[in-house]
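In mature numbering (1 follows the signal peptide of the UniProt record, and there is no 0), the protein residues as written are -24 to -1, 1 to 227.
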């Protein structure tokens, strides 16, 4: 019960803070950064992708059912008659309800009434903790099939991207290093990309046999004398160079 009362006051403070931020946003000349907002209104199709609506409505339905089950369990514990339970859909939003006998609810003490009224919030809090625990436990349960912290997984490539192709990336590849910058998390990935954007570009020398092997799978051009090079002399987008002398490549 104490948790429910505290949660109600915290919710009121959050709503008041959100209301003040909304007023400031309406009166401000420039846009307000998203990361400064405590609560964000979620509108399906506007700031929620259509592809995520199934998960969104499923979460609403589950949390609503657990919330009402909490009221029902608390009512039975406090000897309040329980008439029924059900679910509904309001326009597109799913919900749930519990039907309690009003006369019995009015006969119990105010403390018992608070226990019934606050039980839904408590059950939602436990549900949130269980969901958070399950989220952070996924790498453990899925370890035989999936693993984390070993690189960035390529899940999609933009059409006609310079990074795609036989000499580039493919869906399912792991990126472990970017210019000798280790990638083991999303934060490291963004940091490596930012570091590359401010550093000079680096070129690499490869063995001729490797270049010849790429001739069968990639875009490799042959000169009139039979030698190969990585790009055409008439290319406007590739920057190529060659070394004609003896070169020892470190292993």
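Don't be surprised by glycine CBs; every beta carbon is placed ideally from N, CA and C. Since we're looking at a predicted model, the values are computed, not measured.
- Annotation: the continuous beta strand (DSSP E) that includes residue 75 extends over 69 to 76.
- Taking C-beta separations shorter than 7 Å and ignoring five residues to either side along the sequence, the partners of residue 29 in its chain run 20, following chain order.
- Ranking 24, 65, 158 and 42 by CA distance to the CA of residue 106 puts 42 first.
- Unbroken alpha helix (DSSP H) runs of no fewer than 4 residues, entirely contained in the segment 8 to 69, are found at 29 to 53, following chain order.
- Residue pairing for residue 145: DSSP places it in a beta bridge opposite 140.
- Residue 163 counts as exposed, since fewer than 16 other C-beta atoms from the protein chains shown sit within 10 angstroms of its C-beta.
- Residue 119 carries a coil assignment under DSSP once its states are collapsed to helix, strand and coil.
- Remark: C-beta atoms of residue 58 and residue 49 do not approach each other more closely than 7 Å.
- Between the segment 123 to 135 and the segment 144 to 155, the count of C-beta pairs closer than 8 Å reaches three or more; the two stretches touch.
- The DSSP-derived three-state label of residue 154 is strand.
- Beta-bridge annotation (DSSP): residue 129 is paired with 150.
- Taking residue 103 as the centre and dropping the five residues before and after it, the same chain places the C-beta of 39 and 42 closer than 7 Å to its C-beta, in chain order.
- The alpha-carbon separation between residue -14 and residue 116 amounts to approximately 34 Å.
- Counted as a single uninterrupted DSSP element, the stretch harbouring residue 135 is not any alpha helix (DSSP H), since DSSP gives it neither H nor E.
- DSSP, read as helix, strand or coil, puts residue 161 in coil.
- With respect to the 7 Å criterion, residue 46 and residue -1 are not classified as neighbours on the basis of their beta carbons.
- When secondary structure is reduced to three states using DSSP, residue 176 falls in the coil class, being assigned neither helix nor strand.
- Residue 91 and residue 79 have their C-alpha atoms some 17 Å from each other.
- For the 7 Å CB-CB criterion, residue -18 and residue 97 form a contact.
- DSSP, reduced to helix, strand and coil, places residue 167 within a helical segment of the structure shown.
- With respect to the C-alpha of residue 17, the residue from 34, -10 and 83 having the closest C-alpha is -10.
- Residue environment for residue 99: buried (at least 16 other C-beta atoms within 10 angstroms of its C-beta).
- Beta-carbon to beta-carbon, residue 60 and residue 72 are separated by about 11 Å, too far to satisfy the 8 Å threshold.
- One Cα belongs to residue 33, the other to residue 65, and the distance between them is close to 10 Å.
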